[in-house]
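Below is one structure; the comments refer to it alone.
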Amino acid sequence: MTQAPSNAEDKVEQTDNYLLQLIRQGDCMSFTTLFKKYYKVLVLFAHSFVKDKDVAEDLVQSFFCKLWEDRLTMAKITNCKNYFYIAIRNRCHNYIRNNKLIPVPFPDNLTEDNLLNTIIEEEISVKLIEKIQLLPEKCRNIMLMKIQGMDNKTIAATLHIREETVRSQIHRGKEILKNHFQMAYPALWIVPSFLESIFFF
1 MTQAPSNAED KVEQTDNYLL QLIRQGDCMS FTTLFKKYYK VLVLFAHSFV
51 KDKDVAEDLV QSFFCKLWED RLTMAKITNC KNYFYIAIRN RCHNYIRNNK
101 LIPVPFPDNL TEDNLLNTII EEEISVKLIE KIQLLPEKCR NIMLMKIQGM
151 DNKTIAATLH IREETVRSQI HRGKEILKNH FQMAYPALWI VPSFLESIFF
201 F
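To convert, note that position 127 of the sequence shown is 127 in the working numbering; the numbers rise steadily by one, no gaps.
Below, the structure written as structure tokens:
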């Protein structure tokens, strides 16, 4: 007997696959939904290779245009997220080769495990900035300065506050963000170590 999906990732994949079925039938709303869901994180992923925001955006946009144009003949995709990332990776590889740029090293064989890790890290990076923007004003400003590499003393001098206040606001912000990500990604082993790499301060 086939076992039903038991985790959030399976449910997300089911939803994505259903949207792809609707896209094959010409459903514009489903296409827009997938585009909005993956656009930002795919641009960030592409940018890590081509190091140019405009180029990264162009590559992702052209991918989605091609996806829509070929919707009637599109092969069956069993894992939408992996397919998107591998397609963008290949487009970046072709762009670098065609423009005779110095390539950013990345593996020729992108395995399922390291692809999943990359996807999660890129998604969390995007969501981190989004969640920081929702913090209380003082905490938000301090956290944004901190992730830009400013030390506590410089932040305190810039905002005309005490270093102790900076430290307490950073602690507050870290706890709010950690709680959010640990609730959002409870089953993903990469999250604790990734959060530690973000909140090294």
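Idealized CB from N, CA, C, for every residue including glycine.
Return yes when the Cβ of residue j is within less than 9 Å of the Cβ of residue i, no when it is not.
i, j, result
"Glu164", "Lys153", "no"
"Met150", "Ile132", "no"
"Asn17", "Thr78", "yes"
Could you work out which residue in the options is closest to residue i when comparing CA atoms only?
i, options, result
"Ala75", "Thr33, Arg167 and Ile23", "Ile23"
"Lys178", "Asn141, Leu159, Gln148 and Ser125", "Ser125"
"Cys202", "Lys100, Asn141, Val166 and Cys65", "Because residue 202 is not part of the residues shown, which for the chain are 1 to 201, the question remains open."
"Thr33", "Trp68, Ala56, Glu57 and Val55", "Trp68"
Leaving aside the five residues before and after residue i along the sequence, list all residues of the same chain whose C-beta is less than 7 Å from its C-beta, in chain order.
i, result
"Val60", "Tyr39, Leu42, Val43, Ala46 and Ile88"
"Ser30", "Leu19, Leu22 and Ile23"
"Leu135", "Met143, Gly173 and Ile176"
"Cys139", "Gln169, Arg172 and Gly173"
"Phe35", "Phe64"
So, is residue i buried or exposed, given that buried needs 16 or more other C-beta atoms within 10 angstroms?
i, result
"Met183", "exposed"
"Gln25", "exposed"
"Leu128", "buried"
"Asp70", "exposed"
"Phe170", "The amino acid at residue 170 is misidentified as Phe; the sequence shows Ile. The residue in question, Ile170, is buried, as its Cβ has 16 or more Cβ neighbours within 10 Å."
"Ala157", "exposed"
"Cys80", "buried"
Given residue i, which residues of its chain have a CB within under 6 Å of its CB, disregarding the five upstream and five downstream residues?
i, result
"Met145", "Ile155"
"Cys92", "Ala46, Phe49 and Val50"
"Ala56", "Val43, Ala46, His47 and Val50"
Might you give, ordered along the chain, the residues of its own chain that have their beta carbon closer than 8 Å to the beta carbon of residue i, omitting 5 neighbours on each side?
i, result
"Lys53", "Val43 and His47"
"His180", "Lys131"
"Tyr83", "Ile77"
"Thr15", "none"
"Glu112", "Because the pLDDT of Glu112 is 47, which lies under 50, any placement of that residue in the model is unreliable, and the question is left without a value."
"Ser62", "Arg91"
"Arg167", "Asn152"
"Asn141", "Leu159"
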